Structure formats: structure tokens, C-alpha cells
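Under this note's numbering, the residue at position 91 of the sequence shown is numbered 932, and the numbers go up by one with no gaps. Structure record follows, encoded as C-alpha cells.
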Amino acid sequence: MGKQPTRPTNFLWLAVNGLAFFPVLWTGWLVSQMETTRVPLIFVTGAAQEVLLFTGKTALIFLVLSLACTPVARLAGWRQIITVRKSFGLWGFGFALFHGLFFLGGKDLFFHVDAWRELAQWVPTIFIPGWMKTPYAAYGAIALCLLFPLALTSNRFAMRWLGKGWKRLHRLVYVAVPLALFHYWRRAEFYADNQSMGKDSDYRLLLLLVLVVGILLLTRIPPIRRWIRSSLSRFIPQQVNG
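Structure below.
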């Protein structure tokens, strides 16, 4: 019997997933620096606040990168980037899930079973926009719920089982990501109104991500997509037209 052809090593996939462990390690270090605090973590400062901000921002960046893969593949002809789309999405969901759980349960989730029981009591209330005067939490929770079925079905078995419904289901990402950005904006407003929390509100990353997502959504409009592809073909004709 002849040897089965081996699949070439995908160094892009290895690089993306390898580099993704660095923010995981940084998150672990931040958690180790914080003390046990009351939950939910609303009016917190110091290391606890850093954990929430870092994991939230990292989740958004990964999700936007996942959203960018298909337009880049179509418009620039870089087909290989599709191979890391799922990785970006799953890492984004992972950080978003940790962000939400940590907000509700804090550091105790890693050491005490009772913290999970308290977490179960908090979860229903977070979907109320006026909860604890932090409406941004509700928008983040809804975005996370929309991402959950996408992460759960990011496998070949789910694709075969859902058939054409798989693509329709995964269009929820075009709702979840803008909603997550809206959550970030409302969070920034909350910090601006509560300067005593020790962290100035920063809109720079938010504006950048909103701009990128806006452009990505525009590329889904056929006339705009054709115009961009035509413009890019002047610089990379072999990749776009090949």
C-alpha cells in the first residue's frame, strides 16, 4: 500500500493559536495578583478591574479578527486566512465567556464550589438592562448568549447536521459583535460617569473596532464588494483574479 498523502503544516494556524496563549498567561497572572472581592465585580479597581478590561478587550479583538477573515479571503485572495477564522472565533468566545463568568463570580470561581451556586443566582438578573445601574452588563450578556451556539456548532459534525441552517445560524455573529461593541461603549460611558473607579474611559480601541466592523459589514453589500475587489486587483491581480 502506498503512503497516504500528508497534509501540509499550516504555520498560520500554529502561529495564531500559539500566540493566543500569551493573553491567557497574562490573564492568569492578573488573577493571581488580585484579592478576593465581593461579587459581582462592578465597582472594583486594581487587578480585578484589569482582568475584566483585558479579557473584554481581548475577546473583542479576536471576534473582529474572526469577522475579518471571510472579507479578506474574498477581496484579497488570501484563502489561507479562512483556516484561522474558527480559531479567532473560539478564542474570542473563550475570553468573552471568562469575562462574563469572572464579572459575576470573581476569583472564588477557581477555589470554591459555593461561588458557582451564587453565580447561578446572579445570571437571570444580569439580563435586566437596569440591573444595578449597569445596563452595559445586560448587552454583554446577550451578546455572549448569541455567541454560545456559534461556538457550540463550530465543528464539522454540526455543519453536516444543520446543513444549510448552519450558515444562517452563524450569521448571528453580525448581531453579536456589534452588540458586544455597544456593550463596550456603554461600559466606557459608565466609567466616565464614575471617575472614582480609578480607570479613565478610553474610546480609542472602541472607535477603531467600530470602524473596522463597519467596513467589514459594508463589504457584504455586493456593489461595494465589487468596487473594492476591482480596486485591489490593480495591486494584487494574481491573487484576486486567480
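Virtual Cβ for every residue (Gly too), placed ideally from N, Cα, C. Keep in mind that this is a model prediction, so the values were computed, not measured.
query = Closest by CA to Ala-979, which one among Phe-944, Ala-956 and Phe-952?
reply = Numbered from its first residue, the sequence shown carries residue 979 at position 138. For the residues Phe-944, Ala-956 and Phe-952, the minimum Cα distance to Ala-979 belongs to Phe-944.
ask   = Quick one: what does DSSP say Thr-911 is sitting in, helix, strand or coil?
value = Reading the sequence shown from its first residue, position 70 is the one you call residue 911. It is helical.
inquiry  = Just to confirm before moving on: does the CB-CB distance between Asn-858 and Ser-928 stay below 7 Å?
reply    = On the sequence shown, position 17 is the one that residue 858 refers to. On the sequence shown, position 87 is the one that residue 928 refers to. A contact, by the Cβ cut-off of 7 Å.
message = Using only the alpha-carbon positions, how far apart do Arg-1027 and Ala-1017 sit?
response = Along the sequence shown, read from residue 1 onward, the residue named residue 1027 stands at position 186. Along the sequence shown, read from residue 1 onward, the residue named residue 1017 stands at position 176. When rounded, the distance between both Cα atoms is 15 Å.
key: Nearest candidate by alpha-carbon position, reference Arg-1045, set Ile-967, Thr-1060 and Ala-1029   = As a first step, residue 1045 is located in the sequence shown; it is residue number 204 there, counting from the start. Taking only the C-alpha atoms, the option nearest Arg-1045 is Ala-1029.
ask   = Can you tell me where the alpha helix (DSSP H) with Val-1053 in it begins and where it stops?
value = On the sequence shown, position 212 is the one that residue 1053 refers to. Counting along the chain, the alpha helix (DSSP H) containing Val-1053 begins and ends at 1045–1059.
key: Exposure of Pro-952, with buried meaning 16 or more beta-carbon neighbours within 10 Å   = Counted from its first residue, the sequence shown places residue 952 at position 111. Per the sequence shown, residue 952 should be read as Phe rather than Pro. Exposed, since its Cβ has fewer than 16 Cβ neighbours within 10 Å.
query = Roughly how many angstroms separate the alpha carbons of Pro-912 and Ser-873, rounded to a whole number?
reply = Residue numbering aside, residue 912 sits at position 71 when the sequence shown is read from its first letter. Residue numbering aside, residue 873 sits at position 32 when the sequence shown is read from its first letter. Using only the alpha carbons, I get a separation of about 39 Å.
message = Please state the DSSP three-state secondary structure of Thr-868.
response = Here residue 868 refers to the residue found at position 27 when the sequence shown is read from its first residue. Thr-868: helix per DSSP, three-state reduction.
query = Below 7 Å between beta carbons: does that hold for Leu-916 and Glu-891?
reply = The sequence position of residue 916 within the sequence shown is 75, counting from 1. The sequence position of residue 891 within the sequence shown is 50, counting from 1. No; because the gap between Cβ atoms is not below 7 Å, this pair is not in contact.
ask   = If you run the structure through DSSP and keep just helix, strand and coil, what is Glu-959?
value = As a position in the sequence shown, residue 959 is number 118, starting the count at 1. DSSP places Glu-959 in helix when its eight states are reduced to three.
task = Taking the CB atoms as reference points, tell me whether Ala-900 and Gly-946 lie closer together than 7 Å.
result = Indexing the sequence shown from 1 puts residue 900 at position 59. Indexing the sequence shown from 1 puts residue 946 at position 105. Not a contact, by the Cβ cut-off of 7 Å.
inquiry  = Taking the alpha-carbon of Ala-909 as reference, which of Ile-1062, Val-1053 and Ala-1021 has the nearest alpha-carbon?
reply    = Within the sequence shown, numbered from 1, the residue matching residue 909 stands at position 68. Closest option to Ala-909, Cα to Cα, is Val-1053.
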